[in-house]
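Every position in the sequence shown, counted from 1, becomes a number in the working numbering once 6 is added.
Glycine included, every Cβ here is placed at the ideal spot set by N, Cα and C.
Report on the following structure.
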Amino acid sequence: MLHKTRGIVLKTTLYGESSVVVQIFTERFGIQSYLINGVKKPRAKISMNMLQPLHLVDMVVYHKQAHGIQRVSELRPSPVFSSIPYDIIKSTVTIFLNEVLYKSIRQQMADENLFDFIFSAISWFDECRDVNVNFHLAFLLKLSRFLGFAPSMQTKSDHSFFDLQEGEFRTSAPAHRNYLNREDAALFISLFNTPFENIFLIKLDNQTRRSILDKILIYYTLHTASFGDIRSHEVLQEVLS
Numbered sequence: 007m008l009h010k011t012r013g014i015v016l017k018t019t020l021y022g023e024s025s026v027v028v029q030i031f032t033e034r035f036g037i038q039s040y041l042i043n044g045v046k047k048p049r050a051k052i053s054m055n056m057l058q059p060l061h062l063v064d065m066v067v068y069h070k071q072a073h074g075i076q077r078v079s080e081l082r083p084s085p086v087f088s089s090i091p092y093d094i095i096k097s098t099v100t101i102f103l104n105e106v107l108y109k110s111i112r113q114q115m116a117d118e119n120l121f122d123f124i125f126s127a128i129s130w131f132d133e134c135r136d137v138n139v140n141f142h143l144a145f146l147l148k149l150s151r152f153l154g155f156a157p158s159m160q161t162k163s164d165h166s167f168f169d170l171q172e173g174e175f176r177t178s179a180p181a182h183r184n185y186l187n188r189e190d191a192a193l194f195i196s197l198f199n200t201p202f203e204n205i206f207l208i209k210l211d212n213q214t215r216r217s218i219l220d221k222i223l224i225y226y227t228l229h230t231a232s233f234g235d236i237r238s239h240e241v242l243q244e245v246l247s
């Protein structure tokens, strides 16, 4: 049976001479693997350009329960990106976020709220005229809410430390090293709470931005099973410096 669904492209793997297996986070079925034939041919109906990291698509798919690899009948970009493929900063940010997402939601079932957040955030990032170099920080902290480990907002004046392992504020430093001081904790909360359209108001120098990103990745490692190492953030750091 054919089904219509929106999708977010996560990973494309070559299969044979002209085919690929694409992992797509679909609105209707969660993460699914699709075999798409002939993507490298000159007149391919579905081309590799449509299957780049975090591209947003409308799909008509065949879906069989308990079936490993599904088939695609139709696929088209929706919306068609106007800036991400052509802006080096935006494209690098997108590749980085794609890697984190792939490692964070690889077993994800259908989740309308999570899907809508990612879809809307990437659409906004593509549409915004000016590149905001704090977008990836805010995105990852906001994403944690949908993954089940959002930082606790409960704090008092004497709570000066944020425990990354427990996701909450403390009056004293924990015995382990995975915590934030008051200044970094305030940035965490600000990036978490501030709408995307206002994150340009949060002023960070390159060194602070690098430090906050490193701490966010530690936070994800502590709360995501088999998260592993992220490779693309080093390239991102260079592009943003």
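Return helix, strand or coil for residue i, following the three-state DSSP convention.
i	result
T19	strand
D169	strand
Q38	strand
V26	strand
S257	Any question about residue 257 goes unanswered here, given that the chain covers just 7 to 247.
H69	coil
L242	helix
S126	helix
Anyone know if the C-beta pair for residue i and residue j falls short of 7 Å?
i	j	result
I95	V245	yes
R6	T18	Only positions 7 to 247 of the chain appear in this structure, which leaves residue 6 out of reach.
Y40	Q76	yes
A181	F167	no
S238	F102	yes
V63	H9	no
L197	A156	no
F131	F141	yes
I124	V78	no
Hey, how far is the Cα of residue i from the Cα of residue j?
i	j	result
K109	D235	9 Å
T100	P59	7 Å
E247	Y225	What sits at residue 247 in the sequence shown is Ser, not Glu. Roughly 23 Å between the two C-alpha positions.
D136	F121	25 Å
K46	E23	8 Å
R49	V15	21 Å
I37	S150	18 Å
N184	K51	49 Å
T230	S129	25 Å
Mind checking if residue i is an interface residue toward chain B, Cβ cutoff 7 Å exclusive?
i	result
R12	Absent from the structure: chain B. Only one protein chain is present.
Three Cβ pairs or more, each shorter than 8 Å: is that satisfied between the stretch 112 to 119 and the stretch 74 to 88?
no
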